[in-house]
Each structure stands twice: as C-alpha cells, then as structure tokens.
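A.B. asks: The sequence shown begins at 318 in the numbering used here and counts up one residue at a time. Where is the CB? At the ideal position from N, CA and C, for every residue including glycine. Shown below is the structure under consideration.
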Amino acid sequence: MERPARRRVPRSLRTPYAPALALALVAGGFAAWAGQDWYGAAHDDRAAYAAQRDRALAAGEQAVQNLNTLDHRDLDRGLDLWEASTTGELHEQLTSGRDGFADQVKEARTVSTARVLSGAVTELDDRAGRARVLVALRVTVRAADGTRTDKDSRMLGELTRTDGRWKLSALGQAPVGGAPAG
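Laid out in structure tokens, this is it:
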C-alpha cells in the first residue's frame with residue numbers, strides 16, 4: 318500500500334502568525350462581550366436609581382448635620398445654613414421662629430456640633446421626588462461655662478427634591494427600642 322504523496326506547502330506560505338491571529342480573535346471576542354456588558358450596565362435603570370438614592374442620602378445626612386450644628390458666635394451663618402437645607406413646612410417654621418430662636422441661643426451661649434455616624438435611605442420615590450432617611454449622629458454641646466455634653470441620637474428625615482436638589486421637609490427623633498412611632 319502506497320501512501321499518497323504529500324503536497325508540500327512552501328515555507329513562505331506557512332503562517333508563523335497563527336498564534337497571534339488566534340489571540341487577536343480571542344481578544345476581539347472578549348472586547349465585544351465586555352462592551353455589550355458595559356453598555357447594558359450603563360443603560361440600566363437600576364444604576365440611575367442607585368445614583369439618585371446616593372444623592373438623597375448624602376443630602377439628607379448633610380442637612381441633618383446642618384440642623385444640629387450651631388455656634389452662638391456665628392449665629393446668622395448657622396441659621397442661614399439651616400434655611401438653605403430645608404424646604405416646605407419645616408423651612409417656614411425655621412424662618413418664622415428665627416429671631417426668637419436666635420435670642421435663646423445668644424443668651425445660652427452654646428456651641429453645638431453634630432457628626433453623622435451612619436445613615437440610610439428608608440424610602441425613595443424618585444418620580445415623586447420624595448425620600449426618607451434615618452441618620453444616626455453624635456451631637457456635642459459646649460456650654461458657656463465650658464462643660465461639654467455628647468448625645469447620640471437617631472433622626473428621621475423626609476426629603477423633597479426642589480429644583481433638582483434634595484432638601485429636608487420634615488425632621489424628628491426616631492423611636493428607640495420598642496417605643497412606638499408617633
């Protein structure tokens with residue numbers, strides 16, 4: 318039995334680039350897959366919702382901190398910050414009672430400083446522009462005689478989106494332990 322003669326391919330036609338070509342095809346396939354995955358993630362509504370949640374949380378934490386920080390030596394700046402952080406009925410309450418509150422703080426000569434410990438968005442209605450946040454913070458109050466008091470508290474805040482920005486529209490103490498909300 319005679320073997321068929323092999324046809325010899327000239328060396329110049331043999332491709333030493335075959336491994337490089339295979340690698341290029343694999344890389345191209347991976348790039349197409351990664352691009353499709355990236356496009357899907359970039360156009361996913363969940364990403365936009367998560368970004369809005371993060372913006373609401375950051376604004377809520379900052380506003381709660383602002384409303385728990387006040388220095389009797391720079392009262393106008395602090396109260397202006399309160400008003401800039403609020404909207405709706407809460408804003409109206411702060412502006413209408415501003416002078417009386419300023420007199421109380423000047424008389425007491427206190428400095429209160431708040432620091433956010435943690436926070437979470439408990440509700441978010443992006444379409445309606447409403448959110449609720451729970452913020453844990455530590456408030457330090459320095460009295461005129463130099464004494465210092467630290468108090469940890471949890472605050473529930475309602476946020477309303479106004480002109481593209483989240484602002485506090487209500488603020489209250491969160492119930493602790495088994496205490497009913499009310």
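Is it right to say K484 is buried, meaning 16 or more other beta carbons lie within 10 angstroms of its own, or is it exposed?
C.D. replies: Buried.
A.B. asks: Do L387 and V422 have their C-beta atoms closer together than 8 Å?
C.D. replies: Yes, the pair counts as a contact, with Cβ atoms nearer than the cut-off.
A.B. asks: Bridge partners for S429 per DSSP, in chain order?
C.D. replies: Beta-bridge pairing links S429 to L387, V458.
A.B. asks: Just tell me which of G494, T479, E475 has its CA closest to the CA of G377.
C.D. replies: Selected option, being the one with the closest Cα: E475.
A.B. asks: Between T479, Q379, L392, V343, which lies nearest to A419 when the distance is taken from Cα to Cα?
C.D. replies: The shortest C-alpha separation from A419 is found at L392.
A.B. asks: Classify G395: buried if its beta carbon has 16 or more other beta carbons within 10 angstroms, exposed otherwise.
C.D. replies: Result: buried.
A.B. asks: Would you say the region 406-413 touches the region 435-450, given that touching needs at least three Cβ pairs under 8 Å?
C.D. replies: Taking 8 Å as the limit for Cβ pairs, the verdict is that the region 435-450 does not touch the region 406-413.
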